[in-house]
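Peer 1: Please see the structure below; I have some questions.
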Amino acid sequence: MAIKALRGFKDILPGESEKYRFMEEQARQVFKNFGFNEIRLPLLEKTELFARGIGDHTDIVEKEMYTFKDRRGDSVTLRPEATAGIMRAVLEHKLYSQGRDLKLFTIGPMFRYERPQKGRLRQFNQINSELIGSQSPLADAEIIGMAWDILTRCTSAELRVEINSLGCPDCRPLHREALNLFLENQAKELCEDCIRRSKTNPLRIFDCKQEKCRSILKLAPLIKHYWCPECSKHLGEVLDFLEIFEIPFVINPYLVRGLDYYVRTTFEIIAQGLGAQNTVAAGGRYDGLSKVLGGPDLPGVGMAVGMERLLLLLDKDDYSDRLQLFIAALGREAREEAVEWLKEFRDNNISVQISYEDKSLKAQLKQADRLKARYVLIVGEKELEEEEAILKNMETSQQQAISLDEVTASVIKAICSETEETQE
Ligand code: ATP
Ligand code: MG
3 MAIKALRGFK
13 DILPGESEKY
23 RFMEEQARQV
33 FKNFGFNEIR
43 LPLLEKTELF
53 ARGIGDHTDI
63 VEKEMYTFKD
73 RRGDSVTLRP
83 EATAGIMRAV
93 LEHKLYSQGR
103 DLKLFTIGPM
113 FRYERPQKGR
123 LRQFNQINSE
133 LIGSQSPLAD
143 AEIIGMAWDI
153 LTRCTSAELR
163 VEINSLGCPD
173 CRPLHREALN
183 LFLENQAKEL
193 CEDCIRRSKT
203 NPLRIFDCKQ
213 EKCRSILKLA
223 PLIKHYWCPE
233 CSKHLGEVLD
243 FLEIFEIPFV
253 INPYLVRGLD
263 YYVRTTFEII
273 AQGLGAQNTV
283 AAGGRYDGLS
293 KVLGGPDLPG
303 VGMAVGMERL
313 LLLLDKDDYS
323 DRLQLFIAAL
333 GREAREEAVE
343 WLKEFRDNNI
353 SVQISYEDKS
363 LKAQLKQADR
373 LKARYVLIVG
383 EKELEEEEAI
393 LKNMETSQQQ
403 AISLDEVTAS
413 VIKAICSETE
423 ETQE
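Position one of the sequence shown corresponds to residue 3 (our numbering), numbered consecutively onward.
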């Protein structure tokens, strides 16, 4: 039987790869606008990094990681998210000692062993950015602003930011206590998962999708009633900045994160029309992470855009570049002549193809059509004799004669001037 790709792993074929490139280009421009620099990291890390950095009692670490032993018997894991790896690199290379905020982004694949469905894969791609070194609410707002800008450049789908504050080490324990008390009393009513969570990572029960748990949790104590004055002030300022940036938001008091190191700001960007997997981007503040990984006290805030979900929202079907020129050469002599022009076109960044077989003009024009070529340069025996080739604009069907004397320069000029005109 023919071998197929693994379940939940997909090939990104021509036609779709251009969509990925488009999303990446938008992201890179936004990162440039915000002054963020790229960091490229290994896909494989020590398992311990994620166990410590993401937290043992999270969905990711409990059941979603691709973990295996390498040939020496060491436990390694394909990265399920980017933040822990970025922080590992920041600490390992002491990037923080440069005395300024670190502004980093990375784009690439993540791996989670989940049930594949629409917008959910086992290898998926994320656009990530992390701002390390600042506790300012403006840093949070800039991170949300970057995710927002990337999404709105790619799609006109209706989006909204949902935001919450998870409190800080000062106010969180009080909420935790109240929540634990509440859960003890409700234990009989909760689903098995939630009973387990209530012992290991109680905040995560707010993530439960079961109706029954959800209705019970409507009565649960909410972190917002426990925010200390600093946490309230921080969130208020983040929201003020979002207003200045003209980013629409709603406060969602039930929003929590599956990742343990998050404090204060947590957010998701939700899109209309995506069904169950409608969170396109998510992120928040993780001031505790650096210390958990053995580093100094380093605040941080970051975000991740899920590219496969954004892909479903793109406005256009086709992001591929059109071929600019197809050369239809008829006969051996014309072909030998035309082959000599190819290099100059390409040196001038004109994309050009020529038929590898000697075919009729009709067949070659058909080929040019299939390639969606903008122009076809026709040259045959007759043209050689008359020292003229014909340049045909495939959109308007207009033809013009081009002298074979300096043919490449003339064609380049004709193509460039028309392209400029249509772009105006
Ligand atoms: P979900 O609740 O959908 O499982 P999550 O909370 O696990 O999401 P994060 O860890 O916050 O997701 O990852 C950030 C973003 O990455 C998500 O908002 C989503 O867009 C995307 N994402 C996460 N898991 C997957 C996956 N298995 N396949 C495709 N995209 C994903
Ligand atoms: Mg998940």
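All C-beta atoms in this analysis are idealised placements derived from N, C-alpha and C, irrespective of residue type, glycine included. Quick caveat, the model's predicted, so the values are computed rather than measured.
Tell me whether the beta-carbon of Arg376 lies closer than 9 Å to the beta-carbon of Leu344.
Peer 2: Cβ atoms of Arg376 and Leu344: not closer than 9 Å.
Peer 1: Whole angstroms are fine: how far does the CA of Ala84 sit from the CA of Leu8?
Peer 2: Computed Cα separation, rounded: 22 Å.
Peer 1: Give the straight-line distance between the Cα atoms of Phe24 and Tyr321, rounded to the nearest whole angstrom.
Peer 2: Cα to Cα, Phe24 sits roughly 7 Å from Tyr321.
Peer 1: If distances are taken between C-alpha atoms only, which option among Val354, Leu314, Ala340, Gln137 comes closest to Tyr22?
Peer 2: Tyr22 has its Cα closest to that of Leu314, out of Val354, Leu314, Ala340, Gln137.
Peer 1: One question on the structure: do Leu205 and Val258 come within less than 9 Å of each other, judged by their Cβ atoms?
Peer 2: It is a contact, given that the beta carbons lie within the stated cut-off.
Peer 1: Could you tell me the distance, in whole angstroms, from the CA atom of Glu426 to the CA atom of Lys415?
Peer 2: Residue confidence is low: Glu426 scores 48 on pLDDT, short of 50, so the model does not pin down where it sits. No coordinate-derived value is stated.
Peer 1: Can you give, in chain order, each stretch of the alpha helix (DSSP H) that sits fully within the stretch 338 to 399 and has at least 4 residues?
Peer 2: Within the stretch 338 to 399, the complete alpha helix (DSSP H) runs of at least 4 residues are 363 to 372, 383 to 388.
Peer 1: Do Leu80 and Leu51 have their beta-carbon atoms positioned less than 9 Å apart in this structure?
Peer 2: Contact: no.
Peer 1: Measuring only from the beta carbon, is Ile207 closer than 8 Å to any heavy atom that is part of the ligand MG?
Peer 2: For the ligand MG, not one heavy atom lies less than 8 Å from the Cβ of Ile207.
Peer 1: Is His59 near Asn203, with beta carbons less than 9 Å apart?
Peer 2: Yes, the Cβ-Cβ distance between His59 and Asn203 is below 9 Å.
Peer 1: Could you pull the DSSP bridge partners for Phe126 from this structure?
Peer 2: Beta-bridge pairing links Phe126 to Met112.
Peer 1: List the whole-angstrom C-beta distance separating Arg337 from Asp360, where the pair is believed to meet the contact cut-off of C-beta under 8 Å.
Peer 2: The Cβ separation is near 7 Å, so the contact holds.
Peer 1: Taking Pro250 and Arg162 to be in contact with their CB atoms under 8 Å, please state how far apart those CB atoms are, rounded to whole angstroms.
Peer 2: Yes, they are in contact, since the Cβ atoms of Pro250 and Arg162 sit about 5 Å apart, within 8 Å.
Peer 1: Quick check: does the Cβ of Gln128 come within less than 8 Å of any heavy atom belonging to the ligand ATP?
Peer 2: True, at least one ligand heavy atom lies under 8 Å from that Cβ.
Peer 1: Quick one: is the Cβ of Ile62 within less than 8 Å of any heavy atom of the ligand MG?
Peer 2: Yes; taking the cut-off as 8 Å, the Cβ of Ile62 has a heavy atom of the ligand MG nearer than that.
Peer 1: Taking C-beta to C-beta, are Leu448 and Gln366 nearer than 9 Å?
Peer 2: In this structure the chain extends from 3 to 426, so residue 448 is not present and cannot be described.
Peer 1: Does the ligand MG have a heavy atom nearer than 8 Å to the CB of Glu270?
Peer 2: No; taking the cut-off as 8 Å, the Cβ of Glu270 has no heavy atom of the ligand MG nearer than that.
Peer 1: Which whole-angstrom value describes the C-beta separation of Tyr115 and Glu66, a residue pair presumed to lie in contact below a C-beta threshold of 8 Å?
Peer 2: Rounded, the Cβ-Cβ distance is 5 Å, consistent with contact.
Peer 1: Tell me whether Ala4 is buried or exposed, calling it buried when 16 or more other Cβ atoms sit within 10 Å of its Cβ.
Peer 2: Label assigned to Ala4: exposed.
Peer 1: Would you say the beta carbon of Gln366 is closer than 8 Å to some non-hydrogen atom of the ligand ATP?
Peer 2: It does not: the Cβ of Gln366 is nowhere closer than 8 Å to a heavy atom of the ligand ATP.
Peer 1: Indicate, with yes or no, if the ligand PLP has a heavy atom lying under 8 Å from the CB of Val303.
Peer 2: The ligand PLP is absent from the structure shown, which contains only the ligand ATP and the ligand MG.
Peer 1: Report the option in Asn351, Asn350, Val341, Ile197 whose CA atom is closest to the CA atom of Leu379.
Peer 2: Here the closest residue by C-alpha is Val341.
Peer 1: Hey, Met89 and Ser412: beta-carbon distance below 9 Å or not?
Peer 2: No, the Cβ-Cβ distance between Met89 and Ser412 is not below 9 Å.
Peer 1: Would you mind giving the Cβ-Cβ distance between Asn166 and Asn254, rounded to the nearest angstrom? I have them listed as a contact below 8 Å.
Peer 2: That belief holds up - the Cβ atoms of Asn166 and Asn254 are roughly 5 Å apart, short of 8 Å.
Peer 1: Need the endpoints of the alpha helix (DSSP H) that Gln188 sits in, please.
Peer 2: 174 to 188 is the span of the alpha helix (DSSP H), which, as asked, contains Gln188.
Peer 1: Can you list, in chain order, the residues of its chain with a C-beta nearer than 7 Å to that of Phe208? Leave out the 5 residues immediately preceding and following it.
Peer 2: So the qualifying residues of the chain are Leu219, Tyr256, Val258.
Peer 1: In whole angstroms, what separates the C-alpha of Asp289 from that of Leu133?
Peer 2: Rounded to the nearest angstrom, the two C-alpha atoms are 11 Å apart.
Peer 1: Would you call the stretch 263 to 276 and the stretch 147 to 163 in contact, with 3 or more CB pairs under 8 Å?
Peer 2: The answer is yes - the stretch 147 to 163 touches the stretch 263 to 276, with three or more Cβ pairs under 8 Å.
Peer 1: For Met305, does the three-state DSSP call read helix, strand or coil?
Peer 2: DSSP places Met305 in strand when its eight states are reduced to three.
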